[in-house]
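Using our numbering, read the sequence shown as starting at 381 and increasing by one per residue.
For every residue, glycine included, the Cβ atom is placed at its ideal position computed from N, Cα and C.
Heads up, the thing below is written out as structure tokens.
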Amino acid sequence: MRFLLFFCVLVGVLGAAEPRGVEILWDKFGVAHVYAKDAEGLFYGYGYAQLQSHGNLILKLYGESRGRAAEYWGGDANLEADRWVHVNEIPERSAAWYEQQSPEFHRCLEAFAAGMNAYAQRHPEALDPARRVVLPILGVDSLQHVHRIVHFTYMSSMARVAAAAAGGNLSPPGEGDGDAEGHGSNAWAIAPSRTAAGRTLMLMNPHLGWSDWSTYSEVQLVSPELGVNLSGSSQVGFPVLRFLFSDVLGFTQTVNSLDGSDLYKLTLAPDGDGYVFDGAVKSFERRVKSIKVRTADGTLRDEEIVIRKSVHGPVVWDKNGFVLAQRQVALDRPFLLEQYWKMGLAKNFAEYQAQVERLQVPTFNITYADRDGHIMYLYNGTLPKRSMGDLKFWAGVIPGDTSATLWTEIHSYADLPKVIDPPTGWVQNTNDPPWSATYPRTLDPRNFPAYFPGTDFTFRSSRSIQLLHEASRMTLDGLAAYKYSTRLALADRILDDLLAAVEKHGTDLAKQAAQVLAGWDRSAEIESRGAILFEAFAFKFMGPALTGRQNFAVAQDAAEPFTTPRGFKDPAAAAQMLDAAAKEVVARYGALDAPYGQFRRLQIGKTDLPGNGANGGLGSFRVIRYTPVTKDAALQKATFGDSFVAAVEFGPDGPRARVLTSYGASSQPGSPHADDQLKLLSEKRFRPALRTRAEVEANLESRDRL
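Rendered as structure tokens:
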């Protein structure tokens, strides 16, 4: 293993021979358009472009993924994060995976790192000196970073382990309202039979935080020699696109509720040196690793990490006799990045399916559309085969003293829920379970094991399904307009009943609030007067995560997705909740009818614009969540939600598309492209996707020849 690590360092420093003839055209919004003769050139140019647009952030993330953040920058939080990286053996596994790549893709990863290093060598002044310690970028760094983010951030996390130890909620991301869980997204694919022009339409709309690892990096990769023209985005530091469209097809993703990470409670042997398994005592596999930690005076000290592994996996928690081991799926599948790359290169539906059925990507729903009219939704991932238990059982802490709970196989591609070319003419996902991929439903959860996803769907999901179900002949313009819908499905479900409840049971203040809500447009627009009040009521009615269903009169019913849940179990209590919400709103905002955009802001740097969109738990298809910036929580700024967005129409002459990277194309301090797309976001507008070289040249800001 030491040889592998040394070899990876050597390759990363020396790199492949630098590709020649690579050109980057930067458009007026700071988006890179990379032109090259071959795949290595595209990766080289993409690496160069990413470091120019997000250098400080990428160096931070790569340092963290190496498990060396405490060495580079010190701090208790960095040390804790480094422990997580090393306990889960991310560096060692990444080094092994790196050497298992095909020779062709191995060269691509080397080229990606070489492109980053080339930018750093040309422009050292553009990078924070504190971050430059991570240089040079190694060939393994991007793979290692993706491994940490996908397997050990999306699928499992330190927070989830801590929640287990505290007896908290362990539901996997996407179960319940994805927005409340911290992840979210919308995805649509519409067949030609449902469009006005007889052409396939697609919506890509991931929702994530607006900072750190979840920041998106938009790019176009073009190689006429290879017949490649890919437009799309991925998280910073990723060498391949996760959201893309080519001349012939596109795919997008949403976080799903696939449970591929389990926490097992171990019963320790009396001497503490082993654990009980099937009635016998087994010894831990032990390894001691030393890492460097930078102290306050700048010197380095050694910190020993003792790594213990049971048959389940590494021990990730050991406090007060409560010991948890984590079992993570897909740690034997090293070709995640290559699969993404080849999915994008596919020329037809058959070639695309040949890639996704490899199941190297361990999680995420994937929605697909192509020029030929095919559409598809896939509940993708490496889902363990289990001999017992339902979803709730496996989402909790699992007994680790018996082999009955130890899974060793995964479900095949054929086992996974999927919808291909349904008669409805559309598929969608909004982080809901797969059963609502189209409506009327073509998937029946009763045909799948009990540990597959549950049947609940969110108000955002209900809104998504209703928009598609009622649309007759969709156009690209219509798709774009629907994308920006801020109408709150929850308001449509309960507002009339709330007004009636207040009329009968309400205080004078509640009746004043009801008058405001009666005149409200039931949306979260800049000038909406009542949205802030309704949100305050919803938090009381459904709880701070907007997931509670106990107060509805009529429970959710999958057969009635547009009308359930609804009503109030206790109308008098609902009236009291509105009274309490009204008091808070008056105290905080000064008026019951405070304009939404006055207090919900789009702020980056010196840019400060009125916001729209809301928490998906309220049923807004356009998701933007806001975080308080003032002590009284009145003024709030956007920190989560719409990030990269693309509305695409596939035609015989190539796609027409409208795109937006909500916050801008750069996270570098002082960049004019750190916030220059916020105005479009505020005004609910897109940028045209520049697909031809002539279009790019007509919107050119600068050019790099490498």
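Assuming V896 is part of the alpha helix (DSSP H), what are its boundary residues? DSSP places V896 in the uninterrupted alpha helix (DSSP H) bounded by 888 to 898.
Considering only C-alpha positions, which residue in the set G421, A412, K884 is nearest to L348? As shown, the chain starts at 381 and ends at 1086. That puts residue 348 outside it, with no answer to give.
Same chain only: Cβ atoms within 6 Å of D1055, ignoring 5 sequence neighbours per side: The residues are I984, G985, T987, G1044.
Provide the residue(s) that pair with N566 in DSSP beta bridges, ordered along the chain. In the DSSP secondary-structure assignment, N566 is bridged to N585.
Same chain only: Cβ atoms within 7 Å of L998, ignoring 5 sequence neighbours per side: Closer than 7 Å at the Cβ level, and outside the excluded window around L998, lie F839, L868, L870, E915, A918, L926.
For a test of the three-state rule: what should DSSP assign to G1034, helix, strand or coil? DSSP places G1034 in strand when its eight states are reduced to three.
Between L725, D750, R448, I845, which has its C-alpha nearest L621's C-alpha? Nearest option by C-alpha distance: L725.
When you compare only the Cα positions, how much space is there between R1002 and G993? Note on geometry: alpha-carbon atoms of R1002 and G993 lie some 5 Å from one another.
Whose C-alpha, out of K863, L847, K772, is nearest the C-alpha of P829? From the listed residues K863, L847, K772, the smallest Cα separation to P829 is found for K772.
What is the DSSP secondary structure of G392, reduced to helix, strand or coil? With a pLDDT of only 44 at G392, under the threshold of 50, the placement of this residue in the model should not be trusted; the figure read from the coordinates follows. Reduced to three states, the DSSP call for G392 is helix.
With DSSP collapsed to three states, give me the class of S670. Reduced to three states, the DSSP call for S670 is strand.
Would you decide whether N1087 is buried or exposed? Buried here means 16 or more other CB atoms lie within 10 Å of its CB. The shown model of the chain, from 381 to 1086, leaves out residue 1087, and the question about it has no answer.
Integer Cβ distance of K689 from E718, believed to fall under 8 Å: Going by Cβ atoms, the distance from K689 to E718 rounds to 28 Å, so no, they are not a contact pair.
Would you check if the distance between the CB atom of I517 and the CB atom of A493 is smaller than 9 Å? Contact flag set, yes.
From the DSSP output, which residues share a beta bridge with V514? BP columns for V514 are empty, so no partner.
Using the beta-carbon count (16 or more within 10 Å), is L866 buried or exposed? Strictly speaking, residue 866 in this sequence is Thr, with Leu absent from that position. By the 10 Å Cβ count, T866 comes out buried.
According to DSSP, is G612 part of a helix, a strand, or is it coil? In the structure shown, G612 sits in a strand (DSSP, three-state: E or B).
Can you tell me whether G558 is buried or exposed? The criterion is at least 16 other CB atoms within 10 Å of its CB, across all chains shown. Reliability of the predicted coordinates at G558 is poor, the pLDDT of 41 falling under 50, and no value is obtained from them.
Give the single residue among I685, R574, D973, D627 whose Cα lies nearest to the Cα of W806. Closest by alpha carbon: R574.
Label D752 either buried or exposed according to how many other C-beta atoms from any shown protein chain fall within 10 Å of its C-beta, with 16 as the threshold for buried. So D752 counts as exposed.
Indicate the three-state DSSP secondary structure (helix, strand or coil) for V777 in the structure shown. Assignment of V777 by DSSP, reduced to helix, strand and coil, places it in the strand class.
CB-CB length for S1047 against T647, believed under 8 Å: About 47 Å separates the two Cβ atoms, so there is no contact after all.
Nearest neighbour of S908, chosen from R1073, A1074, F979 [CA to CA]: Of the candidates R1073, A1074, F979, the one whose C-alpha sits nearest the C-alpha of S908 is F979.
Grouping DSSP H, G and I as helix and E and B as strand, with all else coil, what is R1073? Three-state result, R1073: helix.
Rounded separation between S903 and P975 - CA only: Each residue's CA atom was taken as its position, placing S903 and P975 some 12 Å apart.
Between A1018 and W590, is the Cβ-Cβ spacing less than 9 Å? Going by beta carbons, A1018 and W590 fall inside the 9 Å limit.
Count the CB pairs spanning the stretch 652 to 662 and the stretch 628 to 641 that are closer than 8 Å, and state whether there are at least three. Cβ pair count under 8 Å is below three, so no.
Taking only the alpha-carbon atoms, compute the straight-line gap between G959 and A893 and give it to the nearest angstrom. One detail in the question is off: residue 959 reads as Asp in this sequence, not Gly. Between the alpha carbons of D959 and A893 lies a distance of about 8 Å.
For K1011 and D973, I'd like the C-alpha separation in whole angstroms. Their Cα atoms are separated by approximately 21 Å.
Alpha carbon to alpha carbon, how far is Y415 from L1070? One C-alpha to the other measures close to 13 Å.
Anticipated Cβ contact below 8 Å, P586 with F1024, distance rounded: Indeed they touch by this definition, with Cβ atoms about 6 Å apart.
Give me, in chain order, the residues of the same chain whose beta-carbon lies closer than 6 Å to that of I746; leave out the 5 immediate sequence neighbours on both sides. Taken in chain order, the residues that qualify are F631, Q633, L758, N760.
Evaluate T580 with the Cβ neighbour count: other Cβ atoms within 10 Å of its Cβ, from every protein chain shown; 16 or more gives buried, anything less gives exposed. Answer is buried; the Cβ neighbour count reaches 16.
Mark G401 as exposed unless 16 or more other C-beta atoms lie within 10 angstroms of its C-beta, in which case mark it buried. So G401 counts as exposed.
Keeping to the same chain, check which residues put their C-beta closer than 6 Å to that of T762; ignore five residues upstream and five downstream. Taking C-beta separations shorter than 6 Å and ignoring five residues to either side along the sequence, the partners of T762 in its chain run G640, V709, A710, L739, P742, I790, following chain order.
From G769, E1081, F744, residue whose alpha carbon lies closest to that of A567: For the set G769, E1081, F744, the Cα lying nearest the Cα of A567 is the one of F744.
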